[in-house]
Amino acid sequence: MAGVSTYDLTGKRVFVAGHRGMVGSAVVRRLASENCIVLTADRRELDLTREEPTLKWLEANRPEVVVHAAAKVGGIAANNNLPVDFLCDNLALELSVIRASHMVGVQRLLFLGSSCIYPKHAKQPIAESELLTGPLEPTNEWYAIAKIAGLKMCQAFRRQYGDDFISVMPTNLYGRGDNYHPDHSHVPAALIRRFHEAKLAKAPSVAVWGTGTPLREFLNVEDFADACVFLLKNYSSDLPINVGSGDELSIADFAAAVADVVGYEGKLIFDASKPDGTPRKLLDSSRVRELGWAPKTPLSVGLAVAYADFLEMGGRNMRVGVQA
Ligand code: GFB
839 MAGVSTYDLT GKRVFVAGHR GMVGSAVVRR LASENCIVLT ADRRELDLTR EEPTLKWLEA
899 NRPEVVVHAA AKVGGIAANN NLPVDFLCDN LALELSVIRA SHMVGVQRLL FLGSSCIYPK
959 HAKQPIAESE LLTGPLEPTN EWYAIAKIAG LKMCQAFRRQ YGDDFISVMP TNLYGRGDNY
1019 HPDHSHVPAA LIRRFHEAKL AKAPSVAVWG TGTPLREFLN VEDFADACVF LLKNYSSDLP
1079 INVGSGDELS IADFAAAVAD VVGYEGKLIF DASKPDGTPR KLLDSSRVRE LGWAPKTPLS
1139 VGLAVAYADF LEMGGRNMRV GVQA
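Numbered continuously in this note's numbering, the sequence shown closes out at residue 1162.
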């Protein structure tokens, strides 16, 4: 299959950019079982949006591998309301981290994209070849444009300089270390928080945004981190590669599953004044499956872990337009 390539992580210095976010922290946890040296930089120590200090940091720390998981991320409302942050901050992060990685001769870089790079009405399940075949979903086009630019940067550095930079497109993720901001979070964290609070308040009903009809595919972040490490070791191509779970359900069914895990027994009311976003976003993950990777965590198990993490955090993880 195209893109098969083995890379040995043993003894390698691996820089995880964005190690405090949901994905970056899961990648750090997953890398602990590889025989490599994990490097991270605290935000107070290094502003990754600035290329000069980023280059200096990389020159001083000399990673052979970079996982670019630093991004301004958020759910449908944050994407809609903070277009400058989602476009400019993400472009700045990509330009700085990807170009500086090239300059210091990083051997392999993994760039994290998103399933929202694909057109709003892409053919389902969405194959990688759907990229740039139609207009984007307007609620997240700022983020999508930035992520498409990052993917293109990886392709450009590969074409012009032969750099081994790859791009991975995850489906909707959930799990440990999520952001529980009431307005800016993604749907899994938003509903965990809202249902938990409704349970404590003994509220008879609770609102779920939109009509409940959009379809989403959810992947546990530990599984996604496992896929990232798998792809670092087994994949090299200028084609982005999708990583999904195949677990697709309507927002209404997903909300019911979250309510079940949280133990909220009241009524779910759908607030159609809130945006639905894209109607369906199921990734075609056949290429990563053919390479030999598959997810392991059933949704109910992953949601239980996410809820336990929320309880442990005491809802402290509430970042506005977070850098993940
Ligand atoms: O996760 P989410 O915010 O982002 O929302 P997207 C998914 C769906 O959940 C939408 C519904 O149909 C929302 O209407 N939803 C229901 C809620 N209740 C809530 C709630 O309380 N909060 C939120 N946030 N949604 C994202 C992009 O799109 O996809 C991101 O905005 C990223 O940038 C991610 O790319 C993968 O799935 O619509």
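Every residue gets a Cβ at the ideal spot worked out from N, C-alpha and C, and that includes glycine.
Boundaries (first-last residue) of the beta strand (DSSP E) holding Glu883:
Where Glu883 is concerned, there is no enclosing beta strand (DSSP E), given that its DSSP letter is neither H nor E.
Who are Asn1058's beta bridge partners in DSSP?
Tyr1012
To the nearest angstrom, report how far apart Pro976 and Gly1115 are at their CA atoms.
8 Å
Using the Cα positions of Ser967 and Ser1043, report the straight-line distance between them to the nearest angstrom.
43 Å
Are the beta-carbon atoms belonging to Ala1095 and Ser1138 less than 8 Å from one another?
yes
Three-state secondary structure (DSSP) at Glu1103?
coil
Taking 8 Å as the threshold (C-beta atoms), are Ala1028 and Gly912 in contact?
no
May I ask you to check if the CB of Tyr981 is nearer than 7 Å to at least one heavy atom of ligand 1?
yes
Neighbourhood of Thr1009 by C-beta distance below 6 Å, restricted to the same chain and skipping five residues each side:
Ser953, Glu1055, Leu1057, Gly1082 and Leu1121
Under 8 Å, with one C-beta from each stretch per pair, do the stretch 974–988 and the stretch 1014–1024 reach the 3-pair mark?
no
Mind checking Ala1063: buried by the 16 CB within 10 Å criterion, or exposed?
buried
Mind checking Thr1135: buried by the 16 CB within 10 Å criterion, or exposed?
buried
Determine the DSSP secondary structure at Lys1119, reduced to helix, strand or coil.
strand
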